[in-house]
Amino acid sequence: MARFLLKDEAEAEDVVQDAFIRLWQHRDTLSEARVKPWLLRVTRNLCLDRLRLERPRAESGPDELAGGEEPLASMQRSREGQVLQAAVMGLDEPYRSLVIMRDVQQHSYEDVAATLELSLPQVKTYLHRARKTLREQLTELRP
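What follows is the structure, given as structure tokens:
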């Protein structure tokens, strides 16, 4: 999730480390069943905090990319992937997080609901609305 939201490997690693530090600090107050949703939520919030504070950065050049890149990195470089990613990032919350967690990261509906503190019916309804919005936006862009 951090890589997808921040688009910067080093920054994503920093956020994940911060999230695990917070997990360690709260280890006595969390039940085992709540650790995963709590960690995902904290990671998401830290990413959003970084994005709010982010200032314009130079884009990485092709010579900076390592060989054997991950599928997500490959998708981001393709035109269609860039358009899709821009559309997803343009969604309002909680729609953006729902699409990322369910469709990109393939978390279960139950995990998404627990992480975002939504009911299961809300997750399904909001996800339907988010996908419909994305479909409409992407249809408008087709030649």
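Residues 12 to 154 in this note's numbering are what the sequence shown lists, from first letter to last.
Idealized CB from N, CA, C, for every residue including glycine.
Note that the structure is predicted; figures quoted are calculated from it, not measured.
- If you look at H139, you'll find it in the alpha helix (DSSP H) that goes L131 to L152.
- With fewer than 16 other beta carbons inside 10 angstroms of its own, A21 counts as exposed.
- With respect to the 8 Å criterion, A125 and P48 are classified as neighbours on the basis of their beta carbons.
- In chain order, K47, P48, L51 and M112 place their CB closer than 8 Å to the CB of D122, counting only its own chain and leaving out the 5 sequence neighbours on each side.
- In the structure shown, P48 adopts helical secondary structure according to DSSP, grouped into three states.
- A direct Cα-to-Cα measurement between T136 and Q36 gives close to 35 Å.
- The C-alpha of R90 lies about 11 Å from the C-alpha of A97.
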